[in-house]
Structure formats: structure tokens, C-alpha cells
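Here's the structure, in C-alpha cells; my notes come after.
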Amino acid sequence: MDKRLVLLLPLTFGIAFFLGMESGGFQLVLLQVAKEFALDPVLMGGVVTSQFIAIFLGPLLFGWISDRIGKKIVLAFSMVFYIVGCFGAFLSPTILFFSCSLFSLGLGYSVCECIGSSLLSDSFPGKESSYLNFMQSGFSLGAVLSPLVFSRLINAGLANWRTVFLCAGLGYVLLYPLLILYRNEKANETGVNHQKAAMPSAPEQSIFSRFFIVLFFSIMICVAVEVGAAFFADSLFVTEFGNNYLGAYAISGFWLSMAVSRFAFSRIKMKPETMVMAGFLMICLALIISLPLKNPNISLAVFFFLGFASGPIWPVIIGIGATFNPKRSGTNTSILYASGGLGGVIMPVLIGLAAEYYGFYSGFWLLAVISASGFLIMWLGTRKHGESGKLKG
Numbered sequence: 002m003d004k005r006l007v008l009l010l011p012l013t014f015g016i017a018f019f020l021g022m023e024s025g026g027f028q029l030v031l032l033q034v035a036k037e038f039a040l041d042p043v044l045m046g047g048v049v050t051s052q053f054i055a056i057f058l059g060p061l062l063f064g065w066i067s068d069r070i071g072k073k074i075v076l077a078f079s080m081v082f083y084i085v086g087c088f089g090a091f092l093s094p095t096i097l098f099f100s101c102s103l104f105s106l107g108l109g110y111s112v113c114e115c116i117g118s119s120l121l122s123d124s125f126p127g128k129e130s131s132y133l134n135f136m137q138s139g140f141s142l143g144a145v146l147s148p149l150v151f152s153r154l155i156n157a158g159l160a161n162w163r164t165v166f167l168c169a170g171l172g173y174v175l176l177y178p179l180l181i182l183y184r185n186e187k188a189n190e191t192g193v194n195h196q197k198a199a200m201p202s203a204p205e206q207s208i209f210s211r212f213f214i215v216l217f218f219s220i221m222i223c224v225a226v227e228v229g230a231a232f233f234a235d236s237l238f239v240t241e242f243g244n245n246y247l248g249a250y251a252i253s254g255f256w257l258s259m260a261v262s263r264f265a266f267s268r269i270k271m272k273p274e275t276m277v278m279a280g281f282l283m284i285c286l287a288l289i290i291s292l293p294l295k296n297p298n299i300s301l302a303v304f305f306f307l308g309f310a311s312g313p314i315w316p317v318i319i320g321i322g323a324t325f326n327p328k329r330s331g332t333n334t335s336i337l338y339a340s341g342g343l344g345g346v347i348m349p350v351l352i353g354l355a356a357e358y359y360g361f362y363s364g365f366w367l368l369a370v371i372s373a374s375g376f377l378i379m380w381l382g383t384r385k386h387g388e389s390g391k392l393k394g
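Numbering (the numbering used here), first residue to last: 2 to 394.
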């Protein structure tokens with residue numbers, strides 16, 4: 002194996018792992034943050050949105066730059082944004098300071114994940130989905146361990162909600178030497194030629210084509226569902242059932258089952274669009290069947306299932322987007338990441354409003370509707386003109 006890839010694999014895995022640690026940990030402690038700063042459900046959604054606004058803007062601002070000045074340089078700056086945001090969140094004296102820190106954190110979060118994914122796609126032409134799944138398994142592992150570990154530490158009085166952000170920031174500090182040692186991000190020419198051969202026909206390579214627009218809205222819905230389910234899991238179990246532990250299990254179970262499904266689906270030969278449609282449909286049906294029951298144990302099981310159903314959607318869409326045009330992999334991937342960030346901006350606000358006026362369960366009914374729309378967009382987008390099966394992931 003090329004020596005530079007020996008550094009790239011642990012670097013991208015570590016990047017994803019500590020992003021998962023922050024994400025899973027933040028989902029766990031959101032209610033504690035709200036209590037310390039006296040936030041109602043609407044403001045809770047607004048705090049989450051501050052991070053996802055940055056996640057939306059980051060790839061749009063820096064994705065195209067990475068194709069011109071180099072992905073390593075952009076990654077180096079974005080890791081600094083993430084570290085500063087994590088340490089700022091740890092030290093925050095006010096909700097305004099905390100929200101600004103989340104913005105910096107979110108900016109680094111999105112660009113690090115976007116550029117890391119693009120680097121893997123460039124370096125492993127023809128095997129993008131496998132290596133993106135490898136990277137995302139790091140995210141899932143961090144998101145699984147974080148709620149379990151920090152819930153124990155917090156309940157034992159050994160840590161508080163701020164510790165989540167401190168550990169995530171320190172993790173990136175430890176990763177920085179790997180980035181400094183990493184050299185030459187250029188993909189193998191044979192691989193680039195292989196990618197070009199696998200590209201759709203020339204008219205479909207525009208980001209304004211129906212093909213790319215379907216991907217844009219599909220990943221927006223995917224992230225909206227993930228954020229809506231994971232960020233309000235703990236609040237659901239505490240508010241509706243008065244249980245401080247099931248929320249942590251639900252968040253960890255969500256990400257654990259997602260890791261399992263990503264591993265499984267990366268080895269199953271299935272049309273990419275079929276994987277995406279199946280995921281959205283399973284999410285919708287699971288919520289419709291379980292929500293009327295309002296049972297804590299059933300709700301816990303549903304979070305496991307939601308993670309499994311969500312698993313293949315994100316890496317499949319990003320894998321397609323990264324190979325859409327190899328010369329602009331950073332630009333194309335950044336657009337899809339920005340779309341996902343937009344989904345993360347919208348959903349917490351909607352769930353917060355629904356929870357404020359109709360209870361937390363109403364927010365999860367919204368997720369069922371959003372998932373159904375994701376299924377319809379992918380189904381109509383690949384069927385209307387008889388092009389189903391052309392999405393190569």
C-alpha cells in the first residue's frame with residue numbers, strides 16, 4: 002500500500018471518530034445544556050441549528066477552494082476551526098458564546114468530513130463506497146461510545162456536559178501530526194481514467210441535471226431524519242417517560258445499528274437508488290407503526306431500527322457525488338454536504354416547534370412524513386425518464 006495511504010486511513014477514520022464523539026455526546030447532553038441556560042424546546046432547536054448553519058455554509062465556502070489550492074491545506078484550517086469551537090463550547094459562560102462556539106465547531110465539522118471523504122474518493126478510485134463506509138464506521142463508533150461513556154461519567158459525578166466538547170477537541174489535537182505528515186493527495190492516473198469511464202453521459206455531469214438534483218434533496222432529507230431522531234432521543238425519553246438512561250441507549254443503539262447496516266450494505270450488490278428508497282421507506286413505516294403505541298421499550302427498539310434503515314443512505318449518495326466528476330470531487334461533494342447541513346438546519350427547528358406546542362411525539366410524526374418524501378423523490382427522480390439503475394455507487 003502507498004505510504005501516504007497508511008497515514009490517510011487512520012487520519013480520516015480518526016476525523017470521523019471524533020466527529021461522532023461530539024455528535025453523539027451533544028445529542029446526549031442537549032437537555033442538560035438547555036437546563037443550564039434555561040432554554041425551552043424552541044430555543045433548544047435553535048441552538049442545534051447554529052451548528053448546522055455552519056455545517057451548511059462550510060462546504061459551500063471551502064469545497065471549491067480545495068479543488069484549487071489543495072485539500073490538505075483546507076483540511077488543516079478546518080481542523081483548527083473544529084478545535085477552537087470545541088474548546089469554546091467547553092468554556093462557554095453564556096448561551097451566546099456557546100452558540101458562536103458551535104458555529105465554529107460546525108464549520109470545521111462539515112469541512113473536515115467533506116474534505117476527508119473527497120480525499121478517500123480521490124485516493125481509492127473504483128472503491129469509493131467501501132472506503133467511505135470505512136470512514137463512516139469511525140463516525141458510528143464514536144457516536145456509539147460517546148453516549149454510553151459520558152452518561153456513566155456524568156451520572157457518577159466525574160464529568161459534566163462540557164467534557165464532551167473538551168474530549169472531541171483534544172482528539173483533533175492528537176490527529177494533527179498525522180495531517181502534517183501526510184503528503185501528496187493526487188489520485189492515481191489510472192484510477193482517474195477508471196472513474197471517467199464510469200461517469201454518466203456528458204449531459205448528466207452538470208450539477209443542475211435532474212440526476213444531481215435528486216441526490217441534493219435526498220441527502221438533505223437523510224440528514225434531517227438523522228438529526229431529528231438522534232438529537233431529540235434523550236429529550237423524548239426524559240420528557241415522555243421520565244427515564245434518564247434509555248435516551249443514552251437509544252442514541253448509542255441508533256449509531257451502532259447504523260454501523261452494522263453500512264457494513265452489511267457495502268457488501269450487498271444492490272442498485273444504489275434501491276438502497277436509498279428502501280432506507281426511507283423502512284424509516285417511514287417503522288415510525289407510523291410504533292408512534293401510536295407510546296411505549297418506552299418499543300420506542301427504544303425503533304431507534305435501533307431507524308439507525309439500521311438510515312445506514313446505507315448517506316454513504317451511497319456521497320459516493321455517487323464524489324465520482325460524479327473526478328476533476329471537481331471537492332466541489333460536488335461539498336454541495337451535497339451543504340445540502341445535508343441544510344436538512345440539519347431545518348429539522349431541529351421544526352421538531353422544537355412541534356414539541357413546544359404538541360409534545361415530542363409530534364416531532365417524530367414529522368420524521369415519518371419527511372422520510373416518505375425522500376422515498377418519493379428518489380423513486381420519481383429515477384423512474385420518470387426511465388433512468389433507474391444509472392446511479393453508480
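Glycine included, every Cβ here is placed at the ideal spot set by N, Cα and C.
Return the CA-CA distance between residue i and residue j, expressed in angstroms with no decimal places.
i: I284; j: A310; result: 6 angstroms
i: M348; j: T13; result: 27 angstroms
i: L288; j: N156; result: 30 angstroms
i: L149; j: L351; result: 27 angstroms
i: W65; j: S118; result: 14 angstroms
i: I252; j: S141; result: 11 angstroms
i: P273; j: G308; result: 18 angstroms
i: I116; j: F151; result: 29 angstroms
i: E37; j: F125; result: 46 angstroms
i: R258; j: A234; result: According to the sequence displayed, residue 258 carries Ser and not Arg. Those two C-alpha atoms are separated by around 15 angstroms.
i: F104; j: F82; result: 9 angstroms
i: F212; j: F88; result: 40 angstroms
i: L121; j: T334; result: 12 angstroms
i: V346; j: V34; result: 18 angstroms
i: T275; j: T95; result: 46 angstroms
i: A55; j: A260; result: 25 angstroms
i: L216; j: S24; result: 24 angstroms
i: A355; j: L176; result: 40 angstroms
i: E357; j: V43; result: 7 angstroms
i: C113; j: R69; result: 17 angstroms
i: S210; j: G382; result: 11 angstroms
i: D123; j: G107; result: 24 angstroms
Can you give me the start and stop residues for the alpha helix (DSSP H) that residue i sits inside?
i: M45; result: P42 to I70
i: Y173; result: W162 to L182
i: A369; result: F361 to R384
i: G107; result: I96 to S124
i: P297; result: P297 to S311
Among the residues of its own chain, which have a CB less than 6 angstroms from the CB of residue i, if the five just before and after it don't count?
i: G254; result: F304 and F305
i: I220; result: I318, L337, S340 and G341
i: W315; result: C223
i: L91; result: Sequence inspection shows Phe at residue 91; the Leu mentioned does not correspond to that position. R163, F166 and L167, listed in sequence order.
i: L154; result: A160
i: Y132; result: L121 and F125
i: L40; result: none
Say yes only if the C-beta of residue i is nearer than 8 angstroms to one or more non-hydrogen atoms of the ligand SAM, and no if none qualify.
i: F218; result: You won't find the ligand SAM in this model; it holds no ligand whatsoever.
Sorted by chain position, which residues of the same chain lie with C-beta nearer than 8 angstroms to residue i's C-beta, five sequence neighbours on each side aside?
i: I222; result: F281, G344, I371, S372, S374, G375 and I378
i: L180; result: L12, K73, L76, A77 and M80
i: M22; result: G143, A144, L146, S147, V165, C168, A169 and G172
Spatial neighbours of residue i within its chain, please: C-beta separation below 7 angstroms, excluding the five flanking residues on both sides.
i: L247; result: F238, P297 and L301
i: F232; result: Q28, L31, V49 and P349
Threshold first: 4 residues or longer. Then list the alpha helix (DSSP H) segments lying entirely within the stretch 212–284, N to C. Within the stretch 212–284, complete alpha helix (DSSP H) segments of at least 4 residues are found at 234–242 and 247–266, given in chain order.
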